[in-house]
Each structure stands twice: as C-alpha cells, then as structure tokens.
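Participant:
2 protein chains.
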Amino acid sequence: MRIQNYSRKRQAIYDLMLSTSEHPSAEWIYTMLKPDYPDLSLGTVYRNLKLLEENGAIRSVAVIEGSEHYDAIMTPHPHFICRLCGKIYDLPAKFLLPEQANIKRIRGVGKIEITSLIYYGCCEECTKNDTDNV
Amino acid sequence: MRIQNYSRKRQAIYDLMLSTSEHPSAEWIYTMLKPDYPDLSLGTVYRNLKLLEENGAIRSVAVIEGSEHYDAIMTPHPHFICRLCGKIYDLPAKFLLPEQANIKRIRGVGKIEITSLIYYGCCEECTKNDTDNV
DNA sequence: TAACAAATTAATAATTATTATCTTTATTGT
DNA sequence: ACAATAAAGATAATAATTATTAATTTGTTA
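The following block contains the structure:
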C-alpha cells in the first residue's frame, strides 16, 4: 500500500506554491513547471491543487476573472486584490483584528472554519499607470 | 436618447434581488422569473446582473461551486457561507469592526473600494443533519 | 530482483458557467 | 405614428474545470 507520500509532480506543484508569492492559478503553475516537466498535464495540476486543498496544505484565495487562485501560506492573513490588474497582495496579519481572528462560532448561524478578509481596490501600480496615461 | 430607466425584465430581476435573502445566482433568478416571464432568456439574466453590478445596484458576494452569487443589500456587512450546503447568510454589520470598515487605503499597496469579509464553515442546519445521520 | 498491486499520470472528451453574436422585438423621444 | 436606440431571445462560442480511461510510475513483497 502507498502511504501519503507526494509523487514527484505533486511535490513540484506544492514546492512551487510554497516558493512564490504569486497566489497562482492552475494555468500559471502549469506554465511554470512545463519546461522542467515536459510531460506535465494540465489535468494533473488541477487534480493536485484540489487534493492539496483537501489536505489543508493550501487554500483558495479567490476566483479572479473566472480562475481560482491559491495560497500556500496557511497562517491567517488578509489579502488585497486589485480590480484592474487582478494581482493579489498579502497583507500582514495585523489587519485581521484579534476580535475577528478569534471568532469560532456565530450563534444561530454556524461554526467558523475559515475567515476570508479581502480588500478589493486599485493597487498603487495601476493607479500610477492610470495617471501616466492621462 | 434613453435615460437610465429600467426595462421590464431588468426591473423584475432587480426587484427579485431586493426581495430575497437568497444571494441568488443567475440560474436561480432565471428559474424564479421564468413562470412569470415565459420568454425570458438566461442570457438576459446574466447581462443584467453584470449591468446592475456595474451600476452599483448589486454586488457579487462569492463564487460557490463555480457559480457567481449576488447581493442587493449594499450596506457593508459580512457573510457566512456554509461549505456543505453552500447557503449564504447575512451577518449584522457589527461583525465588521469599525477599524476595518473605515480603512480607505493601505500604504504601499492600494486604495480600497470594497471590503469583503466572509466566514466559511458549517451552518447549524447542516451540523444538525450530520448528527442525525450518524 | 521479479512480479504484483496501487497510485498517479497524460491525453482527451465531457461539463458547465458565462459571454458574444446577431436578428428581432420593445421602448422612448420627437 | 415614426425613427432611433436599447434590450431581448436564441443560439453559438469560450474558457475553466472535471471526468474518463488506458498507460506509466512507484512501492511492496516474495
């Protein structure tokens, strides 16, 4: 029997997730790994991302322009997502106030497993570019 | 020239959005309105939801199981989403702490337009059902 | 090491939500 | 009512994701 041991490609996907701050989509990971793993299949990336998410190794941050984006940093922290360029920024955990970070249950509603705090707006990069084009 | 006046069907879609606490998807709205508007087309629902969102009349809450869900209540408030049944609950605005509700900009990152606070977990309804099935 | 069993993968087809197109219909201002 | 414009229906096209299936890899055991 095979114990829970990562296959080569699964490990490569997870390692890439850990090494980047890009909050990648399946497509992005596929493109990055393809040169090193020429026989990599896109389906494998999708399959493993879902699997890693189920195992609690990564989590979904948001769906941007129809594509799911993931994060391998499991310490709770908020995100900022630029509505122009779609880039996802990590924010320091201090933006998650203690009161919110500690809520475990909402009476009459349910038990909380994951808290997602996302700020949507326009990032400074895009603001700058907008100004340039006037 | 046509002023910003809602067409019959657009009005019906918006009215339905206002009258429900379901945080509907396009499909749900289509199913609900179809009996009263037999010639309604699903494309029309998608088109108008996007339009209403651009006009700031409604906003997207989350993508659940691949489908976008909307909310017509524009007062900032958090949501609870059950990961089992997918139901979206409105939470009172007090769960949005003042400090967070008032952040307008994050230095070095960008300007905030929308804050999204979502708690994911298991709702009491589903917890109860799970227990029943043991 | 050889043979077997189970997990994983590539390749591809199938799904599904959403968007685009294009022709027809409805609506509005004059 | 009439012309101009907006909106809608029907349907085709996209695009992301999932399912399928046969082949390959990997681990296990004799």
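For the record, the sequence lines run as chains F and D.
Using my numbering, count along the first sequence one by one with no gaps and you end on 134.
Using my numbering, count along the second sequence one by one with no gaps and you end on 1134.
Glycine is no exception: its CB is placed at the ideal position from the N, C-alpha and C atoms.
Keep in mind that this is a model prediction, so the values were computed, not measured.
What are the boundary residues of the beta strand (DSSP E) that includes K1087/D?
Facilitator: Segment: none, K1087/D is in no beta strand (DSSP E) and carries neither H nor E.
Participant: For P1035/D, count neighbouring Cβ atoms within 10 angstroms of its own Cβ and tell me buried if that reaches 16, exposed if not.
Facilitator: Exposed, because fewer than 16 other Cβ atoms sit within 10 Å of the Cβ of P1035/D.
Participant: Judging by CA-CA distance, which residue of N1005/D, Y1119/D, H1077/D is the nearest neighbour of G1086/D?
Facilitator: When only C-alpha atoms are compared, the closest one is Y1119/D.
Participant: Looking at A1093/D and H1077/D, is the spacing between their C-beta atoms short of 8 Å?
Facilitator: Yes; because the gap between Cβ atoms is below 8 Å, this pair is in contact.
Participant: List the residues of chain D that S116/F touches, going by C-beta distances under 7 Å, in chain order.
Facilitator: Within chain D, the residues near S116/F are I1118, Y1120.
Participant: Within 8 Å of any Cβ in chain F, is that where the Cβ of G1086/D sits?
Facilitator: No, its Cβ sits nowhere closer than 8 Å to a Cβ of chain F.
Participant: DSSP three-state call for A62/F: helix, strand or coil?
Facilitator: It is a strand residue.
Participant: In terms of residues, what are the limits of the alpha helix (DSSP H) holding S1067/D?
Facilitator: Premise fails: S1067/D lies in the beta strand (DSSP E), 1067-1071, not in any alpha helix (DSSP H).
Participant: Buried or exposed: which applies to R2/F, given that a residue is buried once 16 or more other Cβ atoms fall within 10 Å of its Cβ?
Facilitator: Note on R2/F: pLDDT 44, under 50, position unreliable in the model; the coordinate value appears next. Answer is exposed; the Cβ neighbour count stays below 16.
Participant: Cβ of K111/F less than 8 Å from any chain D Cβ?
Facilitator: Taking Cβ atoms only, chain D reaches closer than 8 Å to K111/F, which makes this a yes.
Participant: So what does T115/F bridge to, in DSSP terms?
Facilitator: BP columns for T115/F point to Y1119/D.
Participant: By DSSP, does I1106/D sit in helix, in strand, or in coil?
Facilitator: The answer is strand: DSSP assigns I1106/D an E or B state.
Participant: Kindly indicate if chain F contains any beta-carbon less than 8 Å away from that of G1108/D.
Facilitator: Closer than 8 Å: yes.
Participant: Going straight from the alpha carbon of Y1006/D to that of D1015/D, what length do you get?
Facilitator: Taking the straight line joining both Cα atoms gives about 11 Å.
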